[in-house]
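Encoded as structure tokens, the structure appears first; notes follow it.
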Amino acid sequence: MDAVVKVRGEEGGTEIRKVQVPSVGPDDVLIKVDVASICGTDVHIYEWNGWAQNRIKPPLLYGHEFAGHIAKVGSNVRNVKVDDYVSGECHIACGTCFNCRTGLMHICENTRIFGVDVPGIFAEYAKIPAMNCWKNDPKLKPEWASVQDPLGNATHSLFRTQVPTRNVVIFGVGPIGMMQVGIAKLVGARQVIAIGRKNRFRTDLAKKMGADFAILSAETDPVKFVKDHTDGRGADVVLENAGDAAGVTTCLRMLRQGGELSLLGVFGENASIDLSKDVVFKYANIYGINGRLMWDTWYRMAGLFKAGLNIDPVITHRFPMSEFEKGMAAMRGGNSGKVVLYPGK
Numbered sequence: 118m119d120a121v122v123k124v125r126g127e128e129g130g131t132e133i134r135k136v137q138v139p140s141v142g143p144d145d146v147l148i149k150v151d152v153a154s155i156c157g158t159d160v161h162i163y164e165w166n167g168w169a170q171n172r173i174k175p176p177l178l179y180g181h182e183f184a185g186h187i188a189k190v191g192s193n194v195r196n197v198k199v200d201d202y203v204s205g206e207c208h209i210a211c212g213t214c215f216n217c218r219t220g221l222m223h224i225c226e227n228t229r230i231f232g233v234d235v236p237g238i239f240a241e242y243a244k245i246p247a248m249n250c251w252k253n254d255p256k257l258k259p260e261w262a263s264v265q266d267p268l269g270n271a272t273h274s275l276f277r278t279q280v281p282t283r284n285v286v287i288f289g290v291g292p293i294g295m296m297q298v299g300i301a302k303l304v305g306a307r308q309v310i311a312i313g314r315k316n317r318f319r320t321d322l323a324k325k326m327g328a329d330f331a332i333l334s335a336e337t338d339p340v341k342f343v344k345d346h347t348d349g350r351g352a353d354v355v356l357e358n359a360g361d362a363a364g365v366t367t368c369l370r371m372l373r374q375g376g377e378l379s380l381l382g383v384f385g386e387n388a389s390i391d392l393s394k395d396v397v398f399k400y401a402n403i404y405g406i407n408g409r410l411m412w413d414t415w416y417r418m419a420g421l422f423k424a425g426l427n428i429d430p431v432i433t434h435r436f437p438m439s440e441f442e443k444g445m446a447a448m449r450g451g452n453s454g455k456v457v458l459y460p461g462k
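Each residue of the sequence shown is one higher than the one before, starting from 118 at the first, in the numbering used here.
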């Protein structure tokens, strides 16, 4: 079968290669992949940044976001069957560490990730543990089903806070931020202000997802704008996705006293924060978010789709998997939302 493989430890270093269809163990399933989605993690691997150099061991099959149908099940598998329409939680948890046994499986001490620590799913067929399967509503669009990894991050971060009837700021409007806009509006936010840095394409997508306002911090003072639109108090909730160290102070300054700040972005450097002024005396509630709750977040996503969440505007580019390089170029160029790939084409 054809697969997208990181073959060399360098920028690019990627080829479409013929590989064997994986064999299925007793607790595994084989999935015929209908559609896959490129993640920021895949970009890091492609660009061969410092994180990738320390973590990735080529040759490695890319990818962890997908939707497909089960082609084969292992002898011990009971939770799914052949032809089931599934997506998958990309974090493989051990089930036995302290975190797994105390309700924190999403931050398992021994986590392995598809397309990072084990072979990924950018191929015609993929093998995953049956316990990582999520059965989709048969009516769910395959493209939507394939992006439940980032949608789950957006959902987890948002529901850690109290959004209904509140003034909400989305700080960082990549695909996850765009999805948060749609979720916040669906669950009854009073108003949603989306803030990007320089990328007008993405703030325009945030508007399509329902943002009441979408601004660029390079053009408009975000703290002043938020306070001007919240009777001078500041935002009730700020959802940070950018991973911008300097931006954390901005988020805290636009947060009202007693407000909630949810941090999902991954930071390349440490933030300098006035803890007394911006946290202690502000009585700020700050949450760190990692991945998706297993499996609470997945049930919430199913509920959001059932309630009418529409993420079509977020999916901006579609390519056959044979044109992976074009999909990666679209992701790296910045003028995109989610980029999806179709295996076998």
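Built from N, CA and C at the ideal position, the CB exists for glycine as well.
Source: prediction; values computed, not measured.
One alpha carbon belongs to F441, the other to D119, and they sit about 12 Å apart.
Just so you know, the alpha carbons of P176 and I300 end up roughly 38 Å apart.
Residues H208, H223, I224, G269, N270, H273 of the same chain have their beta carbon placed closer than 8 Å to that of G408, with the five preceding and five following residues left out of the count. The closest CA to that of A153, considering only V199, R435, A210, K341, is found on R435.
Proximity to N358 across L378, D345, V340, T347 peaks at L378, based on C-alpha coordinates. Closest in alpha carbon position to K443, among V141, Y202, V160, is V160. The beta carbon of N249 is closer than 7 Å to those of G205, E206, I209 in its chain, skipping five residues each way along the sequence. Looking at the DSSP output, A447 sits in no beta bridge, so it has no partner there. If you draw a 10 Å sphere on the C-beta of E241, you find 16 or more other C-beta atoms in it, and that means buried. Taking a 10 Å sphere around the C-beta of Y163, we find 16 or more other C-beta atoms and assign the residue as buried. Here W261 carries a helix assignment [DSSP, helix/strand/coil]. In this structure, DSSP gives G375 an extended state, which the three-state scheme calls strand. Per DSSP, D159 is not a residue of any beta strand (DSSP E); the alpha helix (DSSP H) it occupies stretches across 157-164. Taking G375 as reference, the option from A306, A311, K399 with the minimal CA-CA separation is K399. V286 is positioned such that its CB atom lies no closer than 9 Å to that of V396. DSSP, reduced to helix, strand and coil, places V235 within a strand of the structure shown. Around the C-beta of D145, 16 or more other C-beta atoms lie within 10 Å, and the residue is accordingly described as buried.
Under the three-state reduction of DSSP, Y202 is assigned to strand. For the 9 Å CB-CB criterion, S389 and T366 form a contact.
Runs of alpha helix (DSSP H) with 4 or more residues, each lying fully within the stretch 372-425, are found at 413-424, listed in chain order.
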